[in-house]
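Quick note, the sequences are listed as chains A and B, same order. If you're matching positions, the first sequence starts at -11 in our numbering and goes up one per residue. If you're matching positions, the second sequence starts at 62 in our numbering and goes up one per residue. Glycine is no exception: its CB is placed at the ideal position from the N, C-alpha and C atoms. Below is one structure, written out as structure tokens; the observations come after it.
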Amino acid sequence: MGNPVIRRLEHFLPLDEAEKAALSDLTTDYVRELAPREDLVLEGEPPRYVNLVLDGCACRYKMLEDGRRQIVAFFVPGDLCDARVFILKAMDHSIAAIAQTRVAQVPAERFIALTDRFPRLTRALWWNTLVHEAIAREWILNIGQRSALERMANLLCELFMRLRAVDMTRGEACDLPLTQADLGEALGISTVHVNRTLQTLRAEGLISFKGGVLEVHDLPALADLAMFNPNYLHLERGEAAGVARLLATT
Amino acid sequence: MPGRLVENLERHGALSADERLAIEAMAGAARLVPAGAELVGDGEASADCLLLLDGQAFRHKTLPDGRRQILGFHTPGDVLDLQRLFLGVDYGVTALTSCRVAAVPGSKLTEALIEHPRLAHALWRMSLVEASIQREWMVGMGRKSAYARVAHLLCEMFIRLRACGLTNGERCRFPATQAHLADAVGLSQVHLNRVLQQLRSARLAAFRARELLIMDWTGLAAAGDFDGQYLHLPARTVAPPPPAQGPTARTGRTTQA
Chain A
-11 MGNPVIRRLE HFLPLDEAEK AALSDLTTDY VRELAPREDL VLEGEPPRYV NLVLDGCACR
49 YKMLEDGRRQ IVAFFVPGDL CDARVFILKA MDHSIAAIAQ TRVAQVPAER FIALTDRFPR
109 LTRALWWNTL VHEAIAREWI LNIGQRSALE RMANLLCELF MRLRAVDMTR GEACDLPLTQ
169 ADLGEALGIS TVHVNRTLQT LRAEGLISFK GGVLEVHDLP ALADLAMFNP NYLHLERGEA
229 AGVARLLATT
Chain B
62 MPGRLVENLE RHGALSADER LAIEAMAGAA RLVPAGAELV GDGEASADCL LLLDGQAFRH
122 KTLPDGRRQI LGFHTPGDVL DLQRLFLGVD YGVTALTSCR VAAVPGSKLT EALIEHPRLA
182 HALWRMSLVE ASIQREWMVG MGRKSAYARV AHLLCEMFIR LRACGLTNGE RCRFPATQAH
242 LADAVGLSQV HLNRVLQQLR SARLAAFRAR ELLIMDWTGL AAAGDFDGQY LHLPARTVAP
302 PPPAQGPTAR TGRTTQA
């Protein structure tokens, strides 16, 4: 399979051979394997690396003093965790693997050298950052206004679309190595409640979710229940058209 | 002239005289918009980005059935729709007060991102801070009690307005209605109203007559589990305000939402 980071950035603009080669080098030079649940960087630490997710699944999270955790973003293969994060003195959140995850942990200087050499990549990186901010806004809307069932439906639609955009879905199925606790921490609901919403979605024939595999049986109905609007994912034209077809009720 | 943006950027790493001129030269003439006006329309295309020079605004997103979520409040110096440089906007921004704004052509701003490394640095920083605030809001709504959420929001607004020089002692003008606050923290207006009353009776903060009064900073910050690190402001800006000289809350009137 191709390099998911290149695949991802090419949603914004086609890269030339030299740019692709430079990105490939970065993603092979600094590979780090993370065990499930292993932390990559902790809140309060000075950010020194730009992390690129090559394989697996990771998350950003914040912890309250009493130990309760809120997951504030999921990373799928191809995602870049903040192209300029080293501008900040200290991390305002932590990043951890959820499943076995392979990342490229690129030192800040190396990353700056890359964009100095290929200024066009700067545009692609801004695009990528702004898309992640748009996803964060949708999450605020999700937690603030949607019911638990709608929240779950929206998150599953989102993750399915994001995985599809990097060619990681197989028909109506995709690997989604999240536990019910992870889902609860991302949606702001209890694990018991997560279990109940998943059962409801299953009983209505919309999805099944077992052994880390999500199957979306009726995407238009799931999207309808969630009031899912893919605009916030800012998919490139071809991908957006494909998604529109998938969401259309037949 | 967009002095506020320059101020905002300067706090994040002192612009040179050249860069200051570069931004000021980019913006068109300032215009005034009344409170309640739509500054950025959800889904609307524009070639310009909008700088907020003076006033306050809020960013929001609405579900098809009308449920509205406020995603953040804007203070002077913010670029309201930086996203336009590379994406369509997927949210709206509405003026909370009358606002003075100026348009910067997106093409010029994009050029500056490549040509002016320090300005680019400042805008990256602005975007990182915005993202950090969004994450903090998620933690609030996902994990904190209604009481803590409201206390946290009041702390955040006070510190941010103070960083813009818009506070007066323990007071600041924050003309959100209770409906705005409810939509920002994901509560019903009835619930929000009850929480504001609790914060007032606990003598932590009063929010009335378009004004926020901090009665007990330490108590309010503890109630909201507020730690200003996520705002990435200089340490002196996040430090607690001077203690009030005895409680000065007015009594007898309640805010009309």
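Item, Value
"Partners in chain A for K122 of chain B, counting only beta-carbon separations shorter than 9 Å", "R125, E126, I128, L129, Q133, Y220"
"Amino acids of chain B, ordered along the chain, whose beta-carbon sits closer than 8 Å to that of V119 of chain A", "L148"
"is_contact[S188 of chain B, chain C] using C-beta, thresh 8 Å", "Chain labels in this structure do not include chain C; the protein chains are A and B."
"L253 of chain B versus M276 of chain B - alpha carbon distance", "19 Å"
"Neighbour-count burial assignment, T15 of chain A, 16 or more Cβ in a 10 Å radius", "buried"
"Cβ pair count under 8 Å reaching 3, the stretch 105 to 119 of chain B against the stretch 123 to 135 of chain A", "no"
"Beta-carbon proximity of C45 of chain A to A71 of chain A, cut-off 8 Å", "no"
"Neighbouring residues, chain A, relative to V200 of chain B (Cβ below 8 Å)", "K50, L52, Q58, V60"
"Closest by C-alpha distance to A61 of chain A, when choosing among A:F74, A:S82, A:L52", "A:S82"
"Nearest-angstrom Cβ-Cβ length linking V101 of chain B and V154 of chain B, presumed shorter than 8 Å", "4 Å"
"Contact with chain B by P107 of chain A, beta-carbon distance below 8 Å", "yes"
"Rounded Cβ spacing between A13 of chain B and A118 of chain B (contact assumed at less than 8 Å)", "Outside the modelled stretch of chain B, which goes from 62 to 318, sits residue 13 of chain B, for which no answer is possible."
"Min CB distance L132 of chain B to chain A below 8 Å", "yes"
"Cβ of Q239 of chain B within 8 Å of any chain A Cβ", "no"
"Neighbour flag for M215 of chain A against chain B, beta carbons, 8 Å", "yes"
"Limits of the beta strand (DSSP E) - the one that M187 of chain B falls within", "No beta strand (DSSP E) contains M187 of chain B, which is instead part of the alpha helix (DSSP H) from 178 to 204."
"Terminal residues of the alpha helix (DSSP H) in which P166 of chain B lies", "Where P166 of chain B is concerned, there is no enclosing alpha helix (DSSP H), although the beta strand (DSSP E) it sits in stretches over 160 to 166."
"Runs of alpha helix (DSSP H) wholly within the stretch 122 to 158 of chain A (minimum 4 residues, chain order)", "136 to 153"
"Ranges of the beta strand (DSSP E) found wholly within the stretch 29 to 63 of chain A, counting only runs of at least 3", "37 to 43, 46 to 51, 57 to 63"
"Contact with chain B by T167 of chain A, beta-carbon distance below 8 Å", "no"
"CA-to-CA distance, D43 of chain A to H(-1) of chain A, given in whole angstroms", "18 Å"
"Residue of B:A106, B:E105, B:Q130, B:A108 minimising C-alpha distance to Q250 of chain B", "B:Q130"
"Closer than 8 Å to chain A by CB, S193 of chain B", "yes"
"Neighbouring residues, chain B, relative to V73 of chain A (Cβ below 8 Å)", "L189"
"Within 7 Å of chain A by C-beta, residues of the stretch 162 to 179 of chain B in sequence order", "L174, I175"
"Pick from A:A174, A:R158, A:V29 that is closest to A141 of chain A, judged by C-alpha positions", "A:A174"
"Residues that Q290 of chain B contacts on chain A, provided the C-beta gap is smaller than 9 Å", "E31, G32, A78, D80"
"In DSSP terms, what Q187 of chain A is bridged to", "Its beta-bridge partners do not exist; DSSP assigns none."
"Beta-carbon proximity of R120 of chain B to G133 of chain B, cut-off 8 Å", "yes"
"Three-state class that DSSP yields for D163 of chain A in the structure shown", "strand"
"Neighbour flag for D286 of chain B against chain A, beta carbons, 8 Å", "yes"
"Alpha-carbon spacing of L40 of chain A relative to E272 of chain B, whole angstroms", "45 Å"
"9 Å Cβ cut-off: residues of chain A touching Y208 of chain B", "Under the 9 Å cutoff, chain A gives no residues; its nearest Cβ is about 14 Å from Y208 of chain B."
"Straight-line gap, M149 of chain A to G247 of chain B (C-alpha atoms, nearest Å)", "26 Å"
"P125 of chain B in three-state terms, based on DSSP", "coil"
"Against chain B: residues of the stretch 170 to 181 of chain A by CB proximity under 9 Å", "E173, A174, L175, G176, I177"
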